[in-house]
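Comments concern the structure below.
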């Protein structure tokens, strides 16, 4: 009994000493971190839909800046050059960093198999990028299927895409976007990509001319989401370059990069060229898309 009492007293004394030591370390240490360099962010996804086309130009925020205000760039010049047709389109600044081009009733600025160059003139330097607009896939129909989750009890309708890659010697890359009642499913986990008719890696085995595999077809209804009666499902298949396909896959990999064997994060790839001597580096992406669409009302 004496042995047990002595040990208990010793442990109490150790606890008191630890509390005294810890209480003497209450001073807050302010660590001053260097501000990262600003980056010019160019978001230029242009397509052949009959709608106003947009390019957004902003400046990056510091990592620890939690404000919702975006540093917009209203004093740039944004030009889109159709190198195949030798035509230049000037985008006009509107607001919130957006430069827009409004189509006329007969105009289109995006054409299959045309080469394009984007130019952003900023602070005396020309940031540029070039790409080829590729063809899109074929949409047959949207299938509606009733589903019930036995674990959550949530039920509703799943929309499934029946589409097919266009056969040909050159690989095709697609970004399949889906909407519910006009609202885009825009989470990183909702990014739905196809390499020909499957989701294999760029440079891997091709599924040339194949019907889209089930993991792509069913992903137009993201996991955990359902459509309800009278909801409208809209699908858009955007043709993208191989560079763009790899960039999106990098974003997905970074998002899922966790656990014991996680690798070091890396900046997302960019196809924007920063001119020599420019004090600000550019990031972002430029893509010209041919789009096929389909709409289905759930009933």
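Numbering (our numbering), first residue to last: 7 to 305.
Here a beta-carbon is modelled for each residue, glycine too, at the ideal position from N, C-alpha and C.
Since residue i contacts residue j with CB under 8 Å, what's their CB separation in whole angstroms?
| i | j | result |
| --- | --- | --- |
| residue 298 | residue 288 | Actually they do not touch by this definition, with Cβ atoms about 31 Å apart. |
| residue 201 | residue 243 | About 13 Å separates the two Cβ atoms, so there is no contact after all. |
| residue 162 | residue 153 | 7 Å |
| residue 171 | residue 216 | 6 Å |
| residue 301 | residue 212 | No, residue 301 and residue 212 are not in contact; Cβ-Cβ is about 30 Å, not under 8 Å. |
| residue 64 | residue 109 | That belief does not hold up - the Cβ atoms of residue 64 and residue 109 are roughly 24 Å apart, past 8 Å. |
| residue 296 | residue 139 | 6 Å |
| residue 253 | residue 274 | 6 Å |
| residue 233 | residue 304 | 5 Å |
| residue 148 | residue 166 | 7 Å |
| residue 197 | residue 115 | Incorrect: roughly 25 Å between the Cβ atoms, too far for contact. |
Name, in chain order, the residues that DSSP records as bridge partners for residue i.
| i | result |
| --- | --- |
| residue 166 | 149 |
| residue 52 | 294 |
| residue 141 | Paired residues: none, contrary to the question. |
| residue 94 | 87 |
| residue 241 | 184, 300 |
| residue 193 | Bridge partners of residue 193: none, in fact. |
| residue 6 | Outside the shown range of the chain, which is 7 to 305, sits residue 6, and nothing can be said about it. |
| residue 289 | 47 |
| residue 124 | 86, 135 |
| residue 77 | 65 |
| residue 284 | DSSP output for residue 284 lists no bridge partner at all. |
| residue 204 | 201 |
| residue 279 | 134 |
| residue 154 | 161 |
What residue range is occupied by the uninterrupted alpha helix (DSSP H) comprising residue i?
| i | result |
| --- | --- |
| residue 261 | 248 to 261 |
| residue 223 | 220 to 223 |
Using only alpha-carbon positions, find the residue among the options that is nearest to residue i.
| i | options | result |
| --- | --- | --- |
| residue 141 | 129, 121, 156, 125 | 121 |
| residue 127 | 169, 80, 235 | 80 |
| residue 262 | 195, 303, 278 | 195 |
| residue 103 | 76, 123, 175 | 76 |
| residue 83 | 99, 258, 93, 90 | 99 |
| residue 131 | 294, 186, 285, 92 | 285 |
| residue 123 | 184, 238, 88 | 88 |
| residue 292 | 133, 190, 91 | 133 |
| residue 78 | 44, 55, 56, 92 | 44 |
| residue 119 | 101, 235, 205, 91 | 91 |
| residue 224 | 206, 199, 235 | 199 |
| residue 55 | 214, 101, 117 | 117 |
| residue 204 | 222, 290, 251 | 222 |
| residue 206 | 260, 169, 235, 251 | 251 |
How big is the Cα-Cα spacing for residue i and residue j?
| i | j | result |
| --- | --- | --- |
| residue 86 | residue 283 | 23 Å |
| residue 129 | residue 164 | 49 Å |
| residue 247 | residue 47 | 19 Å |
| residue 106 | residue 62 | 9 Å |
| residue 36 | residue 53 | Model confidence at residue 36 stands at a pLDDT of 47, short of 50, so the residue's coordinates are unreliable and nothing is read from them. |
| residue 174 | residue 249 | 19 Å |
| residue 95 | residue 193 | 31 Å |
| residue 219 | residue 135 | 32 Å |
| residue 226 | residue 156 | 21 Å |
| residue 237 | residue 50 | 30 Å |
| residue 231 | residue 190 | 12 Å |
| residue 66 | residue 151 | 43 Å |
| residue 125 | residue 256 | 25 Å |
| residue 313 | residue 101 | What is shown of the chain runs 7 to 305, which leaves residue 313 out entirely. |
| residue 69 | residue 183 | Low confidence applies to residue 69: its pLDDT is 48, below 50, so where it sits in the model is not reliable, and the reading given next is rough at best. If I take the Cα positions, the gap works out to 29 Å. |
| residue 146 | residue 188 | 21 Å |
| residue 245 | residue 185 | 17 Å |
| residue 97 | residue 278 | 17 Å |
| residue 290 | residue 137 | 14 Å |
| residue 235 | residue 168 | 20 Å |
| residue 112 | residue 93 | 16 Å |
| residue 176 | residue 260 | 28 Å |
Terminal residues of the continuous beta strand (DSSP E) containing residue i?
| i | result |
| --- | --- |
| residue 201 | 198 to 201 |
| residue 6 | This structure gives no information on residue 6, because the portion of the chain shown stretches from 7 to 305. |
| residue 186 | 179 to 186 |
| residue 227 | Where residue 227 is concerned, there is no enclosing beta strand (DSSP E), given that its DSSP letter is neither H nor E. |
| residue 216 | Taken as a continuous stretch (DSSP letters only), residue 216 belongs to no beta strand (DSSP E), as it is neither H nor E. |
| residue 106 | 104 to 107 |
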